[in-house]
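Number of protein chains: 2
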Amino acid sequence: MYSSELIKGTLKTIVLKLLSENQEMYGYEITQKVKDLTAGKIQITEGALYPSLHALENEGLLSTQTMNIGKRVRKYYSLTKKGKSVAQEKISELTDFMNTMRFLLDLKPSAQ
Amino acid sequence: MYSSELIKGTLKTIVLKLLSENQEMYGYEITQKVKDLTAGKIQITEGALYPSLHALENEGLLSTQTMNIGKRVRKYYSLTKKGKSVAQEKISELTDFMNTMRFLLDLKPSAQ
DNA sequence: TTGACTTACCTAAGTTTCTTATGTATCATT
DNA sequence: AATGATACATAAGAAACTTAGGTAAGTCAA
Chain A
1 MYSSELIKGT LKTIVLKLLS ENQEMYGYEI TQKVKDLTAG KIQITEGALY PSLHALENEG
61 LLSTQTMNIG KRVRKYYSLT KKGKSVAQEK ISELTDFMNT MRFLLDLKPS AQ
Chain B
113 MYSSELIKGT LKTIVLKLLS ENQEMYGYEI TQKVKDLTAG KIQITEGALY PSLHALENEG
173 LLSTQTMNIG KRVRKYYSLT KKGKSVAQEK ISELTDFMNT MRFLLDLKPS AQ
């Protein structure tokens, strides 16, 4: 597990990325998918995810569809048109940021 | 400029990395160095940096040395022994995290 | 010489975003 | 029948910033 500060700020982008590859997903599925894909190194808590999903919906980036599975309810999220475009922006911003950070971290000692 | 959420959580590691390459630096110098190295894409504000430097000092990772430049005072920070070891840990954790994030962001659509 | 900008330190209130804790309920397995 | 997984949700508190402000010295052009 990474220390939690690192993950801060990347959650919404991760969600948007997953939804841009999967058409529709429900909350719990997202937590499991991220856990699987990262071999448990990134674990999204429900306390962080659900409020974040609601915020993305309020911003008009996600739409929801409720499905009944037996007697339980599942809430599927998918990207709106606006969500698709914002997703691409956020993904390239984060990719760019990762490259910048990698550059910083790879610096060699300066001559002094 | 990257949206500020992204930078959250990476500040201390950036500081530790710069100090592990430069022996000693003062606060303002750190802000300028990061700005230069990232072509202005990452700009550390003083409101974020100074409290962070104080925290690192309180944790025993940094030591300070005050220098008089004319009538002004400059506060140089350098890594303690503990700071050097923590710096290496934080740097490799962040590098690892970047690789994991890159993997997530590079995922192709799953077959459905 | 004064006004604007840069250098250089600092703190504090407010915001955002998460963690931690809790609640509810269904379903599967032992 | 109990445990663990599935699946949703909220709310109080913590952490790490942003924004805004304060102080003061040095530099440079008009």
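Just so you know, the protein sequences line up as chains A and B, in that order. Going by this note's numbering, the first sequence opens with residue 1, and the numbers climb by one from there. Going by this note's numbering, the second sequence opens with residue 113, and the numbers climb by one from there. All C-beta atoms in this analysis are idealised placements derived from N, C-alpha and C, irrespective of residue type, glycine included.
When the five nearest sequence neighbours on each side are left out, the beta carbons in the same chain lying within less than 6 Å of the beta carbon of L16/A are those of A87, K90, in order along the chain. Taking the beta carbon of K17/A as reference, the chain B residues within 8 Å of it are L216, L217, L219, listed in sequence order.
With a cutoff of 7 Å on beta-carbon distance, G121/B and L6/A are scored as near each other. Restricting attention to D106/A, L94/A, P109/A, the CA atom closest to the CA of K153/B is found in L94/A. Within chain A, the residues E93, L94, D96, F97, T100 have their CB atoms less than 9 Å from the CB of Y114/B, given in chain order. Contact note: G9/A reaches chain B through E117, L118, K120, G121, using a C-beta cutoff of 7 Å and chain order. The Cβ atoms of G182/B and L165/B do not sit closer than 7 Å to each other.
In the structure shown, the three-state DSSP call for S132/B is helix. Per DSSP, the unbroken alpha helix (DSSP H) holding M210/B starts and ends at 193-218. In its chain, beyond the 5 residues on either side, K41, I42 have a beta carbon closer than 8 Å to the beta carbon of Y2/A.
Under the Cβ criterion (8 Å, minimum of three pairs), the stretch 132-146 of chain B counts as touching the stretch 185-192 of chain B. At a cut-off of 7 Å between beta-carbon atoms, T45/A makes no contact with chain B. Rounded to the nearest whole angstrom, the C-alpha separation of I126/B and A48/A is 25 Å.
Taking the beta carbon of T150/B as reference, the chain A residues within 8 Å of it are T100, F103, L104, listed in sequence order. At a cut-off of 7 Å between C-beta atoms, K41/A counts as an interface residue with respect to chain B. Taking C-beta atoms under 8 Å as the contact rule, E46/A and T31/A qualify, at a distance of about 7 Å. Collapsing the DSSP output to three states places K12/A in a helix. Each residue's CA atom was taken as its position, placing M98/A and F209/B some 10 Å apart.
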